[in-house]
Amino acid sequence: MFPAPFDYHRPGSLDETLVLLAQYGGDARVLAGGQSLIPAMRFRLARPAVLVDINQLDELAYVREADGMLAIGALARDAALERSSLIESSYPLLFDTSAVVADPVVRQMGTVVGSLCHNDPSGDWSVTALASRAQIVVRGSTGTRVVPIDEFLVDSFSTAVAEGEIALEVRFPSPPPRTSGSYQKIERKVGDFATSAAAAQITLGDDGTVAQIGIAIGAAGPTATRVADAESALRGIKPTKDAIRAAADAARKIADPVADPRGSVEFKKDMAGVLVGRALLAAFERLGVGGLR
Ligand SMILES: Cc1cc2nc3c(=O)[nH]c(=O)nc-3n(C[C@H](O)[C@H](O)[C@H](O)COP(=O)(O)OP(=O)(O)OC[C@H]3O[C@@H](n4cnc5c(N)ncnc54)[C@H](O)[C@@H]3O)c2cc1C
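Structural data, given as structure tokens:
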């Protein structure tokens, strides 16, 4: 199918982008990598009257550390993270994720920020962003807001970005020493969305107890979901096999997937637990903590 008719703008600056978004309000959609928006338009699931293409804004194509944060600009492609030595050496959870989003062709164009803005219930970046306690910088013509990821992901295909606004960057706190993470995903074949997914990020204290932890699951509800009970139970203790099993059970309990060709509700609930267990084990093992299997 062909998309419904639309007007197309390709602004040359962020200021021009904001003017266009303010002018067209709810009629306008930002076009980043186009890997979700263009297919949705072709199937007429989305019918924006105006597209504001940000692909000329090269100044938004950054991945950089500053002020204790890793900032990923709105035009940074998934492939840029996959090829980044900084991400590979210091952000294992992000590095894991960057290698399993869609396929290499999609990752060449798709952006991390675009994926968060699309907020597909089976998307990968939202799971990792929750576990990492990311923040999204959102700008409109009247100012800039910094939105914690838990507030950003409102509902399926819905976020805190309001009419007239653009998401400028996503910020991931730079991991303190003794931090690691892992992303686990099962998919029917390479390039498919997750049947089930889980992310874990762990910081150990000097005494070997868990100082900070983030656990999230994907394809298990309207949006990526924080497994808050498991986080609370593991924070402050030394990891044990039983604690990891309990975290997996907590994920099974709150997972609320839908049945589809990828699997039944029962299968996906069970996989949410299995993958949380695997993500925790992998993260602890990357921190040199073994004997948990
Ligand atoms: C074959 C295929 C397989 C895929 N598999 C996976 C997968 O396994 N896992 C996965 O997570 N994703 C998958 N995707 C989706 C892909 O990762 C998309 O790239 C991503 O969801 C959206 O990023 P984008 O830059 O292409 O955004 P676009 O398609 O350009 O935009 C998506 C939505 O976000 C909005 N948006 C984009 N950027 C901004 C911004 N800066 N500010 C405000 N709004 C914005 C747009 O208006 C639109 O509503 C797949 C896509 C395809 C085509």
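Each number in my numbering corresponds to the 1-based position in the sequence shown with 203 added. Note that CB positions come from ideal geometry on N, CA and C, so glycine has one too.
From the options, residue whose alpha carbon lies closest to that of residue i
i: E268; options: G229, I339, G346 and S377; result: S377
i: L296; options: G494, D410 and K388; result: K388
i: E372; options: I290, Y386, C320 and E434; result: C320
i: F298; options: K444, I290 and V304; result: I290
i: L240; options: E219, E262 and A207; result: A207
i: G439; options: G411, R455 and G466; result: G411
i: G367; options: R213, L221, P214 and M204; result: L221
i: I420; options: R245, S435, P460 and A279; result: P460
i: K472; options: P442, R429 and G424; result: G424
i: E285; options: V309, A403 and E488; result: V309
i: A397; options: A337, W328 and K456; result: W328
i: E488; options: R465, T428 and T382; result: T382
i: G271; options: R374, S399 and A454; result: R374
i: G215; options: D261, A402 and A486; result: D261
Own chain partners of residue i with C-beta closer than 7 Å, once the 5 adjacent residues on each side are dropped
i: F470; result: none
i: A414; result: T406, L407 and G408
i: R348; result: V341
i: I447; result: G480, L483, L484 and L495
Enclosing alpha helix (DSSP H) for residue i [first to last residue]
i: P242; result: L240 to R245
i: I440; result: First-last for I440: undefined, no H or E at that position.
i: S399; result: Premise fails: S399 lies in the beta strand (DSSP E), S399 to L407, not in any alpha helix (DSSP H).
i: I352; result: I352 to F355
i: G276; result: Premise fails: G276 lies in the beta strand (DSSP E), M272 to G276, not in any alpha helix (DSSP H).
i: A332; result: W328 to S335
i: R481; result: V468 to R489
i: L289; result: S288 to S293
i: L263; result: Per DSSP, L263 belongs to no alpha helix (DSSP H) and is neither H nor E.
i: L495; result: Segment: none, L495 is in no alpha helix (DSSP H) and carries neither H nor E.
Three-state secondary structure assigned by DSSP to residue i
i: T220; result: helix
i: G317; result: helix
i: K392; result: coil
i: P423; result: Just to set this straight, residue 423 is Ala in the shown sequence, not Pro. A423 falls in the coil class under three-state DSSP.
i: A305; result: coil
i: T382; result: strand
i: Q311; result: helix
i: L248; result: coil
i: Q387; result: strand
i: S500; result: The requested residue 500 does not occur in the structure, where the chain is confined to residues 204 to 496.
i: L234; result: strand
i: D452; result: helix
i: A283; result: helix
8 Å CB neighbourhood of residue i in its chain, flanking five on each side removed
i: R232; result: L240, A249, P251, V253, L254 and V255
i: A149; result: This structure cannot speak to residue 149, because the chain is shown only from 204 to 496.
i: T426; result: N322, P324, S329, L356, V357, D358 and S359
Segment limits, beta strand (DSSP E) that includes residue i
i: Q338; result: Q338 to G343
i: D210; result: D210 to H212
i: D256; result: V253 to D256
i: E268; result: V266 to A269
i: F375; result: I369 to P376
Spatial neighbours of residue i in its chain, beta-carbon cut-off 6 Å, leaving aside the 5 residues before and after
i: G313; result: G236, Q238 and D281
i: F360; result: N322
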